[in-house]
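In this text, residue positions in the sequence shown follow the numbering used here: the first is 1203, and each later residue adds one. For reference, the structure discussed in these notes is given below.
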Amino acid sequence: MSTTKIDGLRQDSPAAMRMLAYLERVGPASRKALEIACYVDQSHARKEIFRMRSAGGLVHIASWELGAHGPYVAVYGIGPGRDAKRPKALTPAQKTRRLRADLAERFGHTTMERIRRSAANGGISALVVDGRTVYRRGGRE
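What follows is the structure in structure tokens.
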């Protein structure tokens, strides 16, 4: 197999070529989106992104978005460019404010206050609406 190069990247890596083509076609994407769209496993995607970032700037971190489980996730864009700065993590107080605002929006202020109170202090442990549990203390359903 011949190994021609694109500014330091070997073209015998089909995964890297698929990921570059995807970024060119769709635009900026997270590593997870690249894994799914290009049929690449997690460790291989990490290696290829590292190679593409260090091989003359084929990709760069275009932005950061809040991940599904809390930490920020890099969104990669095609071409050379300055990497976006990673935002600071939310403080516990900011997380609490965000949770309370979400609960107030979903269930109303009065119900949110009942949820917020401890179970021993008259708070609710589960919220059932139309026969369906929509909130359970310790985790959402």
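We put the CB at the ideal spot given by N, CA and C, even for glycine.
For a cut-off of 8 Å, the C-beta gap from LEU1225 to TYR1278 is around 7 Å, short enough to register as a contact. In this structure, ARG1220 is the residue among ARG1220, ARG1253, GLY1259, GLU1250 with its C-alpha nearest to the C-alpha of ALA1239. VAL1330 carries a strand assignment under DSSP once its states are collapsed to helix, strand and coil. The straight-line gap separating the alpha-carbon atoms of LEU1305 and LYS1297 is approximately 12 Å. In the three-state DSSP reduction, ALA1291 falls in the coil class, being neither helix nor strand.
In the DSSP assignment, ILE1280 is bridged to VAL1261. Here the segment 1268-1283 lies against the segment 1227-1241, with 3 or more beta-carbon pairs under 8 Å apart. Straight across, the Cα-Cα distance linking MET1314 with LYS1290 is about 28 Å.
Within the segment 1295-1319, the complete alpha helix (DSSP H) segments of 4 residues or longer fall at 1311-1318, listed in chain order. If you draw a 10 Å sphere on the C-beta of LEU1236, you find 16 or more other C-beta atoms in it, and that means buried.
Counting along the chain, the unbroken alpha helix (DSSP H) around TYR1224 starts and ends at 1216-1228.
Going by DSSP, ALA1235 is part of the alpha helix (DSSP H) stretching over 1233-1240. Per DSSP, HIS1271 lies in no alpha helix (DSSP H) segment and is marked neither H nor E.
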